[in-house]
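Notes follow once the structure below has been shown.
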Amino acid sequence: MMKKTLLTLVILGLISGLSACGSDTTPASEPTEVSFPQSVASGDPRAHSVVVWTRVLDTGLPDRDLAVTLTVAADEHMADVVQIRGLVAKAEYDHCVKVSVSGLSPGAFYYYRFTSNGVSSKIGRTKTAPEPDADVPVRWALFSCQDYVHRYYNSFTHLLHTYDSPSNDLDFLVHSGDYVYESTPASSLDTTEGARVVRFEDPEGAVVLEETDGTLLAAATLSNYRDLYKTYRSDPMLQRIHERFPMVVIWDDHEFSNDSWQDTATYFGGRVDGRDLQRKRASERAFFEYVPCEIGLNGQGDLEITEEILYPNTRIYRSFRFGAHLDLVLTDYRTYRPDHLIPEDAFPGTVVMDNAACRAALGDAYAEYEPLLDSYVSIDAEGFEDTKAVLVSIVAMRYDQENPYLSGEQAAAKAREVVAGDLNARYINSVFESEGFPAPLDSGALSSLPRGVAFYTLGKRSLYSDIGSRYGIFQDVFELYATYLRSIDPSADDVFGAAQEAWLRSVLDTSTATWKAVTSSTSLAPLVADFSIGLIQPFLPPDFPEDFKARILINADQWDGFPVKKQDILNYLSTVPGLVLLSGDIHASFVTDHGDRGPYRVHEFTGPAVSSGTFQDFAGRTIGDLGFEAPEDSIALLGSLLGLSAVTNPFTRPSALLWANLVDNGYVVLEAGPDALEATYHVVPTEFVRESFYEDFFSLAPLFTDRVFRIQDGILTEGS
Numbered sequence: 002m003m004k005k006t007l008l009t010l011v012i013l014g015l016i017s018g019l020s021a022c023g024s025d026t027t028p029a030s031e032p033t034e035v036s037f038p039q040s041v042a043s044g045d046p047r048a049h050s051v052v053v054w055t056r057v058l059d060t061g062l063p064d065r066d067l068a069v070t071l072t073v074a075a076d077e078h079m080a081d082v083v084q085i086r087g088l089v090a091k092a093e094y095d096h097c098v099k100v101s102v103s104g105l106s107p108g109a110f111y112y113y114r115f116t117s118n119g120v121s122s123k124i125g126r127t128k129t130a131p132e133p134d135a136d137v138p139v140r141w142a143l144f145s146c147q148d149y150v151h152r153y154y155n156s157f158t159h160l161l162h163t164y165d166s167p168s169n170d171l172d173f174l175v176h177s178g179d180y181v182y183e184s185t186p187a188s189s190l191d192t193t194e195g196a197r198v199v200r201f202e203d204p205e206g207a208v209v210l211e212e213t214d215g216t217l218l219a220a221a222t223l224s225n226y227r228d229l230y231k232t233y234r235s236d237p238m239l240q241r242i243h244e245r246f247p248m249v250v251i252w253d254d255h256e257f258s259n260d261s262w263q264d265t266a267t268y269f270g271g272r273v274d275g276r277d278l279q280r281k282r283a284s285e286r287a288f289f290e291y292v293p294c295e296i297g298l299n300g301q302g303d304l305e306i307t308e309e310i311l312y313p314n315t316r317i318y319r320s321f322r323f324g325a326h327l328d329l330v331l332t333d334y335r336t337y338r339p340d341h342l343i344p345e346d347a348f349p350g351t352v353v354m355d356n357a358a359c360r361a362a363l364g365d366a367y368a369e370y371e372p373l374l375d376s377y378v379s380i381d382a383e384g385f386e387d388t389k390a391v392l393v394s395i396v397a398m399r400y401d402q403e404n405p406y407l408s409g410e411q412a413a414a415k416a417r418e419v420v421a422g423d424l425n426a427r428y429i430n431s432v433f434e435s436e437g438f439p440a441p442l443d444s445g446a447l448s449s450l451p452r453g454v455a456f457y458t459l460g461k462r463s464l465y466s467d468i469g470s471r472y473g474i475f476q477d478v479f480e481l482y483a484t485y486l487r488s489i490d491p492s493a494d495d496v497f498g499a500a501q502e503a504w505l506r507s508v509l510d511t512s513t514a515t516w517k518a519v520t521s522s523t524s525l526a527p528l529v530a531d532f533s534i535g536l537i538q539p540f541l542p543p544d545f546p547e548d549f550k551a552r553i554l555i556n557a558d559q560w561d562g563f564p565v566k567k568q569d570i571l572n573y574l575s576t577v578p579g580l581v582l583l584s585g586d587i588h589a590s591f592v593t594d595h596g597d598r599g600p601y602r603v604h605e606f607t608g609p610a611v612s613s614g615t616f617q618d619f620a621g622r623t624i625g626d627l628g629f630e631a632p633e634d635s636i637a638l639l640g641s642l643l644g645l646s647a648v649t650n651p652f653t654r655p656s657a658l659l660w661a662n663l664v665d666n667g668y669v670v671l672e673a674g675p676d677a678l679e680a681t682y683h684v685v686p687t688e689f690v691r692e693s694f695y696e697d698f699f700s701l702a703p704l705f706t707d708r709v710f711r712i713q714d715g716i717l718t719e720g721s
């Protein structure tokens with residue numbers, strides 16, 4: 002342990018503080034009211050360093066830089082001091098202080114606090130990683146998706162009472178994304194004090210979203226994004242786990258924008274250009290200010306955020322070694338990936354694979370796939386002039402109705418643009434029939450037409466929609482289309498980007514750890530609901546369309562939306578011994594065996610949401626989005642049946658779900674040792690996230706249930 006005498010440390014601290022006070026941005030030293038409203042936090046632990054964080058608030062001097070002293074000790078009473086450092090809480094960074102503390106001993110607990118103008122923060126506890134060759138077990142918890150609005154973090158209460166003792170402790174925490182959610186009810190501006198909502202100081206700068214259950218405000222400015230973190234980190238349980246454990250964090254979509262990719266939001270379904278560079282950078286800056294990670298630190302280990310580290314130069318993917326038995330590898334699913342393979346504004350009738358392309362792609366399998374393909378016509382061919390004219394007129398009217406950002410002229414121009422070339426025959430008929438006209442193409446005509454793939458064939462039924470784009474896609478024909486896209490444009494599904502994928506392969510190829518835990522914000526578990534099985538049929542709404550009684554890809558915003566790239570990644574991972582996948586995002590618990598692809602089996606643990614609505618809730622909403630109604634009890638049972646169909650679906654092979662829980666919130670604790678890796682799911686019924694058990698663990702404890710899984714010698718078993 003690197004120690005100095007207390008006198009020397011105090012002198013060094015004074016010198017550092019005086020040096021800071023002589024800078025161009027002179028910290029305030031006047032006696033005013035100081036507090037640490039978000040408490041303290043630590044993260045990104047390495048064998049000899051860790052990042053510590055706080056935010057200082059001086060109500061009397063809100064725009065001034067503030068002098069801060071960091072004290073690090075080897076004991077919780079702060080008597081065995083190992084470092085003192087003078088720092089500056091800059092107004093430029095919302096008075097956040099983030100610093101890398103180096104020169105520490107491996108595998109050791111440290112305690113730290115910040116002091117400003119005589120006022121001290123709470124004392125935080127952190128822990129460094131063990132040396133890379135240390136033969137010690139490593140235990141950590143996995144979290145994701147912690148919506149704050151009208152919800153409570155009872156999972157953190159459970160963890161603190163279960164794993165915060167000398168005999169039953171954790172080494173660190175991992176948060177795999179959706180640490181904050183960018184939206185809050187617009188009504189929160191008028192909500193009484195103490196309610197679980199986010200209040201934006203700059204509501205005029207937010208994006209207004211009209212949803213079926215009310216108006217939302219989505220963060221857009223730096224002030225908005227900072228308000229998210231300030232509010233979430235005001236929660237006493239979230240503060241407490243940050244005070245007790247170092248946390249390693251990556252983002253998913255909600256730290257920026259729902260279902261986002263690169264700097265593009267998807268709120269308006271393609272009606273407007275969703276790209277917003279400044280919004281993306283504002284979200285990243287707030288993340289780097291408030292999250293105790295190494296990103297955003299300069300060469301001296303102090304907080305410094307420049308454009309050089311913001312989008313498109315962003316890099317949050319990184320890895321950590323914990324002793325001989327664990328390499329923790331964190332990836333970034335959002336920053337480099339392309340758009341969803343089916344854009345939300347894709348015209349349903351457009352043929353994307355003609356008959357020649359289908360035959361070339363399928364070869365001898367064409368006859369097997371032909372029933373899944375659709376007839377199409379060339380709308381510009383002789384004899385279709387009247388059909389085209391009517392179709393253009395109807396489509397122009399729909400663009401005008403469905404896109405308020407288009408003028409009547411622009412809607413007409415858009416209709417003329419898309420009603421051209423090869424168009425899906427069923428779509429043409431459906432448009433005519435919906436307006437009371439007879440279908441222009443009878444069954445005899447349809448049977449004689451060439452067959453191919455249109456966006457309509459894939460499940461896209463309206464001009465602007467996430468259904469048929471990000472959700473609810475026909476699995477079999479979509480995988481055909483994805484394979485075809487890869488053949489004509491190799492970058493179409495380049496999820497990680499070349500640099501990140503090369504880094505990932507390099508880290509894994511050279512790792513000597515027993516276990517390599519690759520963490521993805523989104524799940525690679527195959528989520529396909531088979532609406533054709535007899536078990537589900539009685540619970541479908543009466544008007545559920547016949548062609549949707551098929552295998553439906555539930556969520557194409559996660560890895561299922563890039564099926565070819567997903568298989569590439571899984572095939573590579575199966576060449577790496579001791580590889581386990583960790584993921585979140587989907588608000589459900591899954592245990593997946595990704596099958597016999599190579600010399601080693603890859604297993605995945607997808608963790609539940611801490612507090613966000615569950616996958617079963619999502620399934621019910623999706624049925625509603627399709628325009629069908631079903632009784633609430635049927636929706637609940639349907640969610641369970643969909644889980645069963647996903648577990649038993651043979652068409653996701655070689656990947657297979659071994660266990661699914663769609664209805665509970667919670668977290669996962671993992672332990673990596675020399676012979677085995679164990680994962681324990683702690684879950685609680687979702688109705689209890691609406692009620693605070695922060696002061697009543699006695700009542701909370703029996704609500705939780707556990708499931709334990711163990712991997713040893715490449716075999717996954719369930720234990721107790």
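Count along the sequence shown from 1, add 1, and you get the number used in the working numbering.
We put the beta carbon where it would ideally sit given N, CA and C, even for glycine.
No experiment lies behind these values; they were computed from the predicted model shown.
Query - Where the beta strand (DSSP E) through ASP707 begins and ends - result: 706 to 713
Query raised in the report: Taking the DSSP output, what are the residues bridged to LEU171?
Result: In the DSSP output, where bridge partners are listed per residue, LEU171 has none listed.
Query raised in the report: How would you label GLN263, buried or exposed, when you count the other beta carbons within 10 angstroms and need 16 or more for buried?
Result: buried
Requested in this report: Return the CA-CA distance between LEU363 and GLU369, expressed in angstroms with no decimal places.
Outcome: 9 Å
Query raised in the report: Is it true that the stretch 232 to 239 meets the stretch 33 to 42, where meeting means three or more beta-carbon pairs spaced less than 8 Å apart?
Result: yes
Requested in this report: Let me know if GLN279 comes out buried or exposed under the rule of 16 or more other beta-carbons within 10 Å of its beta-carbon.
Outcome: exposed
Query raised in the report: For SER522 versus ILE310, is the C-beta distance shorter than 8 Å?
Result: no
Requested in this report: Specify the secondary structure class of GLY188 as computed by DSSP and reduced to three states.
Outcome: Strictly speaking, residue 188 in this sequence is Ser, with Gly absent from that position. Helix at SER188.
Query raised in the report: So which of ARG360, ARG452 and LEU174 has the shortest CA-CA distance to PRO724?
Result: As shown, the chain starts at 2 and ends at 721. That puts residue 724 outside it, with no answer to give.
Report task. Check each candidate in VAL82, TRP54, ARG65 and ALA109 and name the one with the smallest Cα separation from ALA48. Result -> ALA109
Query - Local Cβ density within 10 Å of PRO131, reported as buried at 16 or more and exposed below that - result: buried
Query raised in the report: When DSSP labels each residue in this structure, what does ARG286 get in the three-state scheme?
Result: helix
Query - Neighbourhood of ILE712 by C-beta, 6 Å cutoff - its chain only, sequence neighbours within 5 removed - result: HIS604 and LEU678
Query raised in the report: Exposed or buried, ASN556, counting other C-beta atoms within 10 Å across all chains shown (16 or more means buried)?
Result: buried
Query - For ARG114, three-class secondary structure by DSSP - result: strand
Requested in this report: For ASP81, collect the residues of the same chain with a Cβ closer than 7 Å to its Cβ; drop the 5 residues on either side in sequence, then sort them by chain order.
Outcome: ALA74 and ALA75
**Report entry** For PHE549, the nearest candidate out of TRP141, LEU459 and LEU239 (CA to CA)
**Finding:** LEU459
Query - Other residues of its chain near GLU403: CB distance less than 8 Å, five sequence neighbours each side excluded - result: ARG272, SER463, LEU464 and TYR465
Query raised in the report: For the putative contact between ASP722 and HIS341, defined by C-beta atoms under 8 Å, what is the C-beta separation to the nearest angstrom?
Result: The question about residue 722 has no answer here: the residues shown for the chain are numbered 2 through 721.
Query - Endpoints, the beta strand (DSSP E) within which GLN263 is located - result: Neither: GLN263 is in no beta strand (DSSP E) and is coded neither H nor E.
Requested in this report: On a CA-only basis, which of ASN118, HIS159, HIS151 and HIS96 is nearest PHE698? Give me that one, please.
Outcome: HIS159
Requested in this report: Check whether the Cβ atoms of VAL53 and ALA90 sit closer than 8 Å, and answer yes or no.
Outcome: no
Query - 8 Å CB neighbourhood of ARG452 in its chain, flanking five on each side removed - result: ASN356, CYS359, GLU371, LEU374, ASP375, SER376 and TYR377
Query raised in the report: Taking the alpha-carbon positions, what's the ASP277 to TYR230 distance?
Result: 21 Å
Query - Cut-off 7 Å between Cβ atoms - residues of its own chain near PHE323, not counting five sequence neighbours on either side - result: ALA130, PRO131, VAL139, ASP172 and LEU329
Query raised in the report: By DSSP, does ALA702 sit in helix, in strand, or in coil?
Result: helix
Query raised in the report: So which of GLY119, ASP401, SER258 and ALA421 has the shortest CA-CA distance to ALA412?
Result: ASP401
Query raised in the report: Where does GLN617 fall in DSSP's three states?
Result: helix
**Report entry** Secondary structure of ILE242, DSSP reduced to three states
**Finding:** helix
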